[in-house]
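Engineer:
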Amino acid sequence: MNTVSVQNVSMRFGDFTAVDDVSFTVADGEFVTLLGPSGCGKTTLLNVVSGFLQPSAGKIEIGGVDVTFVPPEKRDTAMCFQSYALFPHLSVAENLQFGLKQKRLPAAERKQRLNDVAEKLDLVAQLEKLPNQLSGGQQQRVALGRALTMRPSVVLFDEPLSNLDAKLRESVRLEIRKIQADYNLAAIYVTHDQGEALAMSDRILIMRNGKIEQSGTPTEIYNFPQTSFVADFIGDANILDATIIGQESEDFWRVSTEIGELLVKSDTPPIAKRLKICWRPENAQFGAGEMNSIEAPITHRAFQGNYTDLFIEMNGVAQRVQWRRSHLEDITSLSMNIRPEDIIFLEAMT
Amino acid sequence: MKRWLKISLLLMPGLGLILIFIGSVVYIAIAQSFGYFNLSGESGFSLEYWAKMFDRLSYSRAIGYSLYIGVASAFLAVIFAYPLAIWLRRPFAGSLFISAVLKAPLLVHGLVVAFLYINIISYNGIVNQLLQALGIWDGPHRLQNDSGAVGVLILQTWKNMPFALLLLSGAVQAIGDDLLDAAADLGAGPFDRFRRVIAPLAVSATQAALVIVFVGALADFSFQVIAGPINKQSLSQLMVFFKGYGRWHDAAVIAVTLMGLGIAGSGVLALFSRFVLRGGRLS
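Chains as they are written, first to last, in the working numbering: chain A, 436 to 785; chain B, 3 to 285.
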């Protein structure tokens with residue numbers, strides 16, 4: 436069953452359209468991520484779902500009930516804020532019970548929910564502390580716990596990990612995902628971090644200029660981007676302008692690009708004669724191959740730890756290749772090939 | 003130069019002035035209330051002036067009346083200022099103009115306001131004329147110098163509310179939108195957001211507003227003389243009365259009483275407001 440249903444929602448501020456006719460659903464227990472660059476409308480859309488903003492057009496349903504014009508305090512949602520938004524004058528225990536007191540739950544039930552969440556989030560030792568006495572990770576857990584004690588139908592996350600360091604971010608995101616699954620909550624998660632989106636989501640909605648550019652599972656989005664924006668935003672991609680020369684066999688297409696002719700294997704036919712194509716830097720096969728062989732000088736390199744980024748140039752076009760070997764000092768040119776199935780057709784060229 | 007000497011010299015212009023001017027005035031008032039600094043006779047320690055003052059009915063009445071004016075003015079100013087501070091928290095078209103207009107009373111002297119006020123409410127003033135024209139009253143009513151001191155309270159509130167607004171606006175604006183959004187998200191409506199988030203976080207500004215308005219209104223003289231009830235005297239009025247007759251020791255007793263009430267009343271108000279706004283806790 437769908438917990439959240441967003442139907443043709445638009446949000447305009449004067450002449451500016453922040454969210455443009457967006458529709459999607461989130462099922463029980465599903466973790467959906469709104470991913471996109473700053474200013475793409477993802478936080479605005481989250482604020483519309485939470486009730487902080489009323490949409491200019493469209494409809495929001497939660498649990499089958501139209502809540503489009505229901506104020507946030509009356510919606511069955513709970514939000515984890517980017518800044519955590521912990522009440523600085525209240526202890527951790529009081530923060531966790533804020534919503535429960537608002538709901539006028541009996542003291543015994545409040546205590547039971549508090550203990551449950553505190554134990555799950557390892558906050559038992561911090562209950563009497565004030566928020567400013569906690570580390571960033573602990574504050575984040577209190578913010579999450581405060582939302583979870585409410586046992587909402589849907590939990591909303593507004594870039595909750597952006598203030599944490601990289602190591603902590605990784606551990607907290609696993610924690611969030613585990614707790615969301617334990618409680619079987621529908622979750623909408625806003626982030627601009629593609630790694631976070633890929634690691635946590637059941638489904639990703641990529642937003643651009645207020646619209647959903649593409650939606651799908653993390654593997655679908657990564658392996659089969661439909662536009663150069665998605666290909667570039669999720670992971671690294673070498674994007675080329677291409678012209679279809681002809682069809683070699685059922686799924687094989689020959690294209691002409693700035694770096695030479697390439698053979699592309701695609702289940703779906705190209706949508707135009709002139710279009711964009713892409714290939715991922717990590718899909719380069721080293722050494723000359725039977726098809727799509729490339730030999731080019733290395734212009735510069737960047738050691739990244741477990742791999743090295745090599746930048747090659749062909750006909751004035753720079754391409755990026757990732758190589759798993761770290762000792763590459765003696766190499767000045769690269770011989771490689773790209774498998775036809777690793778090249779993806781994107782949108783038509785305008 | 004030694005560190006302590008450098009610090010003392012740096013503090014001298016500010017702290018020195020306070021210690022010299024306020025300290026000497028307080029010292030002389032206290033000493034005079036106990037018989038010292040007699041301007042027309044022998045000086046010496048005496049509790050006579052305090053004892054006689056405690057026996058006077060006018061003294062205890064003036065204490066009660068001044069406390070009433072001080073406390074009521076402080077609460078009225080804060081009660082009127084709070085909704086305005088919350089309303090003006092986020093800028094909107096015209097908010098700057100409204101904010102400036104609301105603070106205009108700070109630029110008008112209290113005496114001028116008091117004269118304007120009694121003109122408006124006088125026996126043949128525009129309030130009387132308007133209410134008669136509307137058919138609400140058959141004839142003119144006497145509104146000036148009312149025995150409940152409503153006129154003084156109106157003037158005190160009008161004059162002090164912008165100051166309270168100034169203090170509260172800063173505190174309310176410092177509360178992030180995300181905190182109020184979080185409270186709303188957790189089920190708190192507008193009143194609960196005020197009660198559970200805004201009020202506890204703005205408690206220091208509220209205390210400051212209450213205390214400053216209270217101390218000023220407690221020692222009010224000008225509003226009381228012009229618009230106050232004629233059958234009641236404030237402590238300031240009583241002090242000026244004694245001073246007018248050259249009874250400096252009696253006047254000093256009133257001055258020390260005012261200072262004592264100011265300090266004690268401020269403490270009580272500060273604790274009371276913290277207790278109430280923090281939901282029954284002082285810490």
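Cβ atoms here follow ideal geometry from the backbone N, Cα and C, with glycine treated the same way.
Quick check: the Cα distance between A95 (chain B) and L470 (chain A), rounded to an integer number of angstroms?
Structural biologist: The straight-line gap from Cα to Cα measures roughly 34 Å.
Engineer: Give the range of the alpha helix (DSSP H) segment to which E434 (chain A) is assigned.
Structural biologist: The structure shown does not extend to residue 434 (chain A), since chain A is modelled only from 436 through 785, so no value can be given for it.
Engineer: Less than 9 Å separating the beta-carbons of G172 (chain B) and A207 (chain B)?
Structural biologist: Yes. Within cutoff.
Engineer: So what's F56 (chain B) in DSSP terms, helix, strand or just coil?
Structural biologist: Looking at F56 (chain B) - three-state DSSP - the assignment turns out to be helix.
Engineer: To the nearest angstrom, how far is it from the Cα of I177 (chain B) to the Cα of I779 (chain A)?
Structural biologist: Their backbone Cα atoms lie some 50 Å apart in a straight line.
Engineer: Taking the alpha helix (DSSP H) that G230 (chain B) falls in, what are its first and last residues?
Structural biologist: Per DSSP, G230 (chain B) belongs to no alpha helix (DSSP H) and is neither H nor E.
Engineer: Specify whether the region 40-58 of chain B and the region 179-187 of chain B touch according to this definition: at least 3 beta carbon pairs, one from each stretch, less than 8 Å apart.
Structural biologist: The answer is no - the region 179-187 of chain B does not touch the region 40-58 of chain B, with fewer than three Cβ pairs under 8 Å.
Engineer: Rounded to whole angstroms, what is the Cα-Cα separation between S770 (chain A) and R755 (chain A)?
Structural biologist: When rounded, the distance between both Cα atoms is 13 Å.
Engineer: Check the Cβ-Cβ distances between E554 (chain A) and every residue of chain B, and say whether any is below 9 Å.
Structural biologist: For E554 (chain A), the answer is no, since every Cβ of chain B falls outside 9 Å of its Cβ.
Engineer: Strictly under 9 Å for the Cβ-Cβ distance: is M585 (chain A) near chain B by that measure?
Structural biologist: Yes, M585 (chain A) counts as interfacial toward chain B.
Engineer: Decide if the region 613-631 of chain A is in contact with the region 531-538 of chain A; the criterion is three or more beta carbon pairs, one per stretch, under 8 Å apart.
Structural biologist: With the cut-off at 8 Å, the region 613-631 of chain A and the region 531-538 of chain A do not touch.
Engineer: Between which two residues does the alpha helix (DSSP H) containing V527 (chain A) stretch?
Structural biologist: Note, V527 (chain A): alpha helix (DSSP H), 527-537.
Engineer: For P142 (chain B), which residues in the same chain have their Cβ closer than 6 Å to its Cβ, ignoring the five residues on either side in sequence?
Structural biologist: Around P142 (chain B): Y125, N130.
Engineer: Does any residue of chain A bring its CB to less than 9 Å from the CB of G178 (chain B)?
Structural biologist: Chain A, which has a Cβ nearer than 9 Å to the Cβ of G178 (chain B), makes this yes.
Engineer: For a contact defined as C-beta to C-beta under 7 Å, what are the partners of Q537 (chain A) on chain B?
Structural biologist: Result: L188, G189, A190, D194.
Engineer: What residues in the region 518-535 of chain A bring their beta carbon closer than 9 Å to a beta carbon of chain B?
Structural biologist: Residues S518, Y519, A520, L521, F522, P523, H524, L525, F533, G534, L535.
Engineer: On a Cα-Cα basis, can you pick out the residue from A:K646, A:L698, A:D511, A:G645 that is closest to A582 (chain A)?
Structural biologist: Among A:K646, A:L698, A:D511, A:G645, the Cα nearest to that of A582 (chain A) is on A:D511.
Engineer: Using a C-beta cutoff of 9 Å, does P93 (chain B) count as contacting chain A?
Structural biologist: Not one chain A Cβ lies under 9 Å of P93 (chain B).
Engineer: Please go through the region 45-115 of chain B and give each complete alpha helix (DSSP H) segment of 4 or more residues, from N-terminal end onward.
Structural biologist: Qualifying alpha helix (DSSP H) stretches, in chain order: 50-57, 59-89, 97-104.
Engineer: Does the CB of S701 (chain A) have a neighbour CB from chain B at under 9 Å?
Structural biologist: Taking Cβ atoms only, chain B never reaches closer than 9 Å to S701 (chain A), which makes this a no.
Engineer: Any C-beta of chain B sitting closer than 9 Å to the C-beta of F516 (chain A)?
Structural biologist: By this cut-off, F516 (chain A) is an interface position.
Engineer: Please compile the residues from chain A whose C-beta is within a distance smaller than 7 Å of the C-beta of V174 (chain B).
Structural biologist: Within 7 Å Cβ-Cβ: nothing; V174 (chain B) doesn't reach chain A, min ~14 Å.
Engineer: What residue from B:V215, B:K105, B:A272, B:A53 has the CA that sits closest to L78 (chain B)'s CA?
Structural biologist: Per the Cα distances, B:V215.
Engineer: Taking L273 (chain B) as part of the alpha helix (DSSP H), name the residues at either end of that continuous run.
Structural biologist: Here the alpha helix (DSSP H) through L273 (chain B) covers 250-279.
Engineer: So for R414 (chain A), helix, strand or coil by DSSP?
Structural biologist: Residue 414 (chain A) is absent from the structure shown; chain A starts at 436 and stops at 785.
Engineer: Since S60 (chain B) and Q235 (chain B) are thought to touch, with beta carbons under 8 Å apart, how far apart are those beta carbons, to the nearest angstrom?
Structural biologist: S60 (chain B) to Q235 (chain B), Cβ: 6 Å. Contact.
Engineer: Let me check understanding here. Comparing Cα to Cα, which of A:Q442, A:Q575, A:V467 lies closest to G499 (chain A)?
Structural biologist: When each option's Cα is compared against that of G499 (chain A), the closest is A:Q442.
Engineer: By DSSP, does E655 (chain A) sit in helix, in strand, or in coil?
Structural biologist: Helix.
Engineer: Taking only three categories from DSSP, how would you classify F32 (chain B)?
Structural biologist: It should be noted that the sequence gives Ile, not Phe, for residue 32 (chain B). Helix, per DSSP.
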